[in-house]
Amino acid sequence: EAELNAPIKLSNGAVELGANSIFSSIHPVGTGVSVRVTEIDIDWKENATRKDAKDIRKYAIAYTLYWHGLITPTGWTKMSLTYNANLGQVTEHKIIQSTGTTNKEAKDMAFGIGVIIGQAAMEAFLNSK
7 EAELNAPIKL SNGAVELGAN SIFSSIHPVG TGVSVRVTEI DIDWKENATR
57 KDAKDIRKYA IAYTLYWHGL ITPTGWTKMS LTYNANLGQV TEHKIIQSTG
107 TTNKEAKDMA FGIGVIIGQA AMEAFLNSK
């Protein structure tokens, strides 16, 4: 949890809390406040001593991001993340449940609104002749 909540340096040189960085990548408007890890599942290499991080094959973390938003003043988003140590990368990161609107939902809504506006404009154009 300490690592997820720690300040991080962004590519533009600015520094922000890890919770806010996670929030910004998932939600369109608001501020990430904190992260709480709720579950950790470790898959160890065969015959591992289970005392050294280099013996980890992969791990999965379930966590909750707490945030403040405009529509939902105090919200949360439950997520999971899987990290493959052999590959050295995150192989899965998904949103389980949220009390707010995600970037994907906002894009889907904007696309839907754009389609409706586009159809209306086309009908108006065709009917103007």
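The sequence shown begins at 7 in the working numbering and counts up one residue at a time. Using N, Cα and C, we set each Cβ at its ideal position, and we do this for glycine too.
DSSP-derived helix/strand/coil call for residue i
| i | result |
| --- | --- |
| Ala91 | coil |
| Ala54 | coil |
| Gly36 | coil |
| Gly81 | strand |
| Gly106 | coil |
Test: residue i CB closer than 7 Å to a CB of chain B
| i | result |
| --- | --- |
| His33 | Of the chains in the structure shown, none is chain B; there is only one protein chain. |
Limits of the unbroken beta strand (DSSP E) element including residue i
| i | result |
| --- | --- |
| Ala66 | Ile62 to His74 |
Cutoff 8 Å; reference residue i; Cβ partners in own chain excluding five residues on either side
| i | result |
| --- | --- |
| Thr105 | Thr78, Gly81, Trp82 and Thr83 |
| Lys57 | none |
| Ser31 | Asn109 |
Close-in-space but distant-in-sequence residues of the same chain around residue i (CB under 6 Å, 5 per side omitted)
| i | result |
| --- | --- |
| Thr107 | none |
| Glu94 | The amino acid at residue 94 is misidentified as Glu; the sequence shows Gly. Here the set comprises nothing. |
| Leu76 | Val35 |
| Lys187 | Here the chain covers residues 7 to 135 and nothing more, so residue 187 does not appear. |
| Ile46 | Ile67 |
| Asn90 | Lys64 and Thr97 |
| Thr88 | Ala66, Thr97 and Glu98 |
Spatial neighbours of residue i in its chain, beta-carbon cut-off 7 Å, leaving aside the 5 residues before and after
| i | result |
| --- | --- |
| Ile48 | Ile62 and Tyr65 |
| Thr55 | Asp61 |
| Phe29 | Gly36, Thr37, Gly38, Leu71 and Trp73 |
Stretch-stretch touch, CB-based, cutoff 8 Å, three pairs: the region 70-87 with the region 35-43: Of all C-beta pairs linking the region 70-87 to the region 35-43, three or more are shorter than 8 Å, placing the two stretches in contact.
Does the pairing of the region 76-85 with the region 98-113 give three or more beta-carbon distances under 8 Å? Enough Cβ pairs lie closer than 8 Å, so yes.
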